[in-house]
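Take a look at the structure set out below.
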Amino acid sequence: MAKKQREWTPEQLMETMRGFQPACVIGAALELDVFGKLARADMTAAQAARAIKGTARGARALLNALAALGLLTKRGEVFSLTPFARKHLVPDSPAYLGWGAMHSAHIMKSWTQIAECVRTGKPAPRPPADSEAGKIRHKNFIMAMHNYASDRSRIIAGSLNLEGVKTMLDVGGGPGTYAFAFADALPGARITIFDTPPTCAIADENIRQRGLQDRIRTQPGDFIKDPIGDGYDLVLMSNILHIYSPAENTRLLKKGYRALNPGGRLAVVEVEVDDTGTKPPGGALFAVNMLVNTERGSSYSPNEMKSWLAAAGFKTVKAARPADGVTALIAAKPR
């Protein structure tokens, strides 16, 4: 039975249009390290202003808003962290989610230029990759992918048939989140992360911190332009196809096919969207995110991706939905 289309009210429209406000407040607090400063000591607005090198008026407005959002507690004139903020918004917490939140704050600037991107078909401008702002943005993006994938990677690894997998290639493996989940699911397997040199540097540090250098290695390169190797039992392409065009994705999947041993499997994990491009809403909105942030990317339906896998040489493709909003396709190379 088809899901009923949303019926709007004027109040809902206005509330939606104001939805940027809480996100901007949280993003500013992270940029100014408000949560990190308050983790060391409770503060008044005047004390916080000095700690963040801001004004008393600005700090008061920001801290009051954070208290209104339930991320700070205010007693008299003194502000303190809530348990949630202490766990998830203090940078040295193991459960820190600030990378993902800051990434959203960064791309919000691109979203304000949707109309221009629709007119031109080009993404919104961003800082040069080699600039200080570009490097900060890149690290936020890569570590945001870790935030987003921490739970999902374990779900994906647990949902696949991994029998006989001794070697694995994680194409566009980012900070290594999926590689770590698969390393847990595949004791003894050797895993290679293929990504750009700056991203591999982040992954290398994460690998060292976990003591997994003997099982996981990185291979710096451009997986669109460069060879990706061969001799793998499993190739994973998680959340990379949406960055590229159908033609580029077909070529990349052909590389994946060649990288597999006979009988090997290629797993594609992507944002869920149906053939109409409108359901679920998250998939439709993600296509807008790709419009404003990539040259040729989009959300792609399972049927679109199946056609590319067939063109790449795969004969057997199975579809799964391992989590809400996630599509997984598992393709087998003939023996």
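Numbering (this note's numbering), first residue to last: 99 to 433. Glycine included, C-beta positions come from ideal geometry on N, C-alpha and C.
For residue i, which three-state DSSP category applies?
{"i": "Val132", "result": "helix"}
{"i": "Asn259", "result": "coil"}
{"i": "Ala410", "result": "helix"}
{"i": "Gln211", "result": "coil"}
{"i": "Tyr342", "result": "coil"}
{"i": "Leu179", "result": "strand"}
{"i": "Tyr330", "result": "strand"}
{"i": "Phe392", "result": "Residue identity check: residue 392 is Thr in the sequence provided, not Phe. In the structure shown, Thr392 sits in coil (DSSP, three-state: anything other than H, G, I, E or B)."}
{"i": "Gly219", "result": "coil"}
{"i": "Asp249", "result": "helix"}
{"i": "Val367", "result": "strand"}
{"i": "Pro296", "result": "helix"}
{"i": "Gln103", "result": "coil"}
{"i": "Val188", "result": "coil"}
{"i": "Pro273", "result": "coil"}
Compare the beta carbon distance of residue i and residue j with 9 Å and say whether it is the shorter of the two.
{"i": "Gly329", "j": "Ala430", "result": "no"}
{"i": "Gly270", "j": "Ala247", "result": "no"}
{"i": "Asp373", "j": "Ser405", "result": "no"}
{"i": "Ala283", "j": "Gly309", "result": "no"}
{"i": "Thr348", "j": "Ala421", "result": "no"}
{"i": "Phe133", "j": "Ala127", "result": "yes"}
{"i": "Leu195", "j": "Asn259", "result": "no"}
{"i": "Asp140", "j": "Ser178", "result": "yes"}
Compute the Euclidean distance between the alpha carbons of residue i and residue j, then round it to the nearest angstrom.
{"i": "Met266", "j": "Ala165", "result": "46 Å"}
{"i": "Arg419", "j": "Phe292", "result": "25 Å"}
{"i": "Glu303", "j": "Gly156", "result": "37 Å"}
{"i": "Ile205", "j": "Asn359", "result": "39 Å"}
{"i": "Val457", "j": "Ala163", "result": "The structure shown does not extend to residue 457, since the chain is modelled only from 99 to 433, so the question has no answer here."}
{"i": "Ala146", "j": "Thr275", "result": "35 Å"}
{"i": "Thr290", "j": "Ser336", "result": "14 Å"}
{"i": "Gln119", "j": "Glu113", "result": "10 Å"}
{"i": "Arg313", "j": "Thr142", "result": "49 Å"}
{"i": "Val176", "j": "Pro189", "result": "22 Å"}
{"i": "Met403", "j": "Pro223", "result": "29 Å"}
{"i": "Ile428", "j": "Val415", "result": "6 Å"}
{"i": "Glu129", "j": "Asp331", "result": "42 Å"}
{"i": "Ile212", "j": "Pro181", "result": "36 Å"}
{"i": "Lys220", "j": "Leu364", "result": "31 Å"}
{"i": "Lys233", "j": "Ile300", "result": "12 Å"}
Please classify residue i as buried or exposed, where buried requires at least 16 neighbouring CB atoms within 10 angstroms.
{"i": "Lys353", "result": "buried"}
{"i": "Ser396", "result": "buried"}
{"i": "Arg148", "result": "exposed"}
{"i": "Ser251", "result": "buried"}
{"i": "Cys122", "result": "exposed"}
{"i": "Ala277", "result": "buried"}
{"i": "Thr316", "result": "buried"}
{"i": "Asp268", "result": "buried"}
{"i": "Gly117", "result": "exposed"}
Is there a C-beta anywhere in chain D that falls below 9 Å from the one on residue i?
{"i": "Tyr194", "result": "Of the protein chains in this structure there is only one, and it is not chain D."}
Touching by the beta-carbon criterion (3+ pairs, under 8 Å), the segment 362-382 and the segment 196-211: No, because fewer than three Cβ pairs between the segment 362-382 and the segment 196-211 fall closer than 8 Å, the two stretches do not touch.
Inter-stretch contact (C-beta, 8 Å, three-pair minimum) for the segment 382-397 and the segment 330-345: Of all C-beta pairs linking the segment 382-397 to the segment 330-345, three or more are shorter than 8 Å, placing the two stretches in contact.
contact_flag[the segment 220-239, the segment 316-323] where n(CB pairs < 8 Å) is 3 or more: No contact exists between the segment 220-239 and the segment 316-323.
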